[in-house]
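Take -11 as the starting number for the sequence shown in the working numbering and just add one per residue. Read through the structure below, which is laid out as structure tokens, and then see the notes.
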Amino acid sequence: MPTNDSTHPLGDLEADEIDPAVAEALTPYQAEWLRTQCCQLGLKKLQVLRQALFEWIREHPDYRFSAATFGPEMRVALENYISRHSEEFFFVPRGGQ
């Protein structure tokens, strides 16, 4: 898992700062989507990312994350989460829409 000063691989829970390896793996659209939801709904970024991760783990119970794959897998987990829950969140247009 990525290393940071917190005990959570997504980042610093108290400061709501995403681990750099995870942040770098997110697409520009995902970063904008996350910012929009947090701003509009008063959510924390790590709160949303944790929920996406929990759903990913439920769908892939045998998968074992590693430091090398955690960021890219988190990107996939968030994309799945955005698609699955699009009706529950504010719409954020993708580039060119």
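Where a beta carbon is used, it is the ideal one built from N, C-alpha and C, also for glycine.
Considering only 8, 13, 15, 25, the residue with the shortest C-alpha distance to residue 80 is 25. For residue 65, the CB contacts under 6 Å within the same chain, skipping 5 residues up- and downstream, are 40, 41, 44 in chain order.
Looking from the CA of residue 36, the closest CA among 75, 83, 82, 4 belongs to 4. One Cα belongs to residue 19, the other to residue 75, and the distance between them is close to 18 Å. For residue 5, the secondary structure class from DSSP, reduced to helix, strand or coil, is strand.
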